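Presented below is the structure to which this report refers.
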Amino acid sequence: MNLYLRLLWLLIRLPWLPKQADPLAASVLNMRVMPNDLDIYLHVNNGRYLTLMDLGRLHLMAVMGLLKPIQKSGFAPLLGSVKVHFIRSLRVFEKFKQTTQVIYWDEKWFYIEQKIFKGEELYVTALMKILFISKEGKVAPQRLFQLLPKPPTQPSLPPQVEHWIAAEKASR
């Protein structure tokens, strides 16, 4: 992650972020495009979107109340796979919001959907597969949810996740 000022700003704000009652609700992070987010075509670089989404996932863990317990337990997130759809381009100084939401999990992976909006218009959508590890190895999603006061009930498998899992299996 090379957005150190944004990361620092997010870390400073963490103690004052309201916690989400529902850990499966989308977190919302408001941001603005800065000049260093741009590529030579003067719009946000496709790789930068993924870096901005790192901040969105950190924000989600914080508002879920998982960030401190995860750090205390020595767990670390690893991005296993990502599917991104770039719809429109953001330009310098435009405000945007990023939503991040856990939409499913299995015995190994969290499936997270992240979206970037300008106003109400969708600009980027991404589906991510994330694994947590510890010194002992892989950490099952259920083990992470046990760190919450009230672990969520697993949602049904969304069609887009089902198709993505099948496509990944077919490409191996």
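Using mature numbering (1 follows the signal peptide of the UniProt record, and there is no 0), the letters of the sequence shown correspond one by one to residues -21 to -1, 1 to 151. Glycine included, C-beta positions come from ideal geometry on N, C-alpha and C. These numbers come from a predicted model, not from an experiment.
Q | C-alpha distance - Gly35 paired with Asp1, whole-angstrom precision | A | 17 Å
Q: For Thr79, count neighbouring C-beta atoms within 10 Å of its own C-beta (all shown protein chains included) and say buried if the count is 16 or more, exposed if not.
A: buried
Q | Contact the segment 50 to 57 vs the segment 67 to 77: 3+ CB pairs below 8 Å | A | no
Q. By how many angstroms is the C-alpha of Pro120 removed from the C-alpha of Pro(-4)?
A. 23 Å
(Q) Run through the DSSP bridge pairs and tell me what Phe65 is partnered with. (A) Answer is Val103.
Q. Candidates Ser150, Glu147, His142, Pro134: which alpha carbon is nearest Val81's?
A. Pro134
Q.
For a test of the three-state rule: what should DSSP assign to Gln125, helix, strand or coil?
A. coil
Q. Going by DSSP, which residues form a beta bridge with Ile112?
A. Ala55, Lys117
Q. Taking the C-alpha atoms as reference points, what is the distance between Met(-21) and Tyr28?
A. For Met(-21), the predicted structure reports a pLDDT of 45, less than 50, and the residue's modelled location is therefore unreliable. A value from the coordinates is still provided. Each residue's alpha carbon lies about 11 Å from the other.
Q.
Let me confirm a value: Trp(-6) is counted as buried when at least 16 other C-beta atoms fall within 10 Å, else exposed. Which label applies?
A. Around the C-beta of Trp(-6), fewer than 16 other C-beta atoms lie within 10 Å, and the residue is accordingly described as exposed.
(Q) Give me the DSSP bridge partner(s) of Met10. (A) Phe75
Q. Who does Glu27 pair with in a DSSP beta bridge?
A. Rather than Glu, the amino acid found at residue 27 in this sequence is Arg. Its beta-bridge partners do not exist; DSSP assigns none.
(Q) Judging by CA-CA distance, which residue of Gly26, His38, Leu58, Gln125 is the nearest neighbour of His64? (A) Gly26
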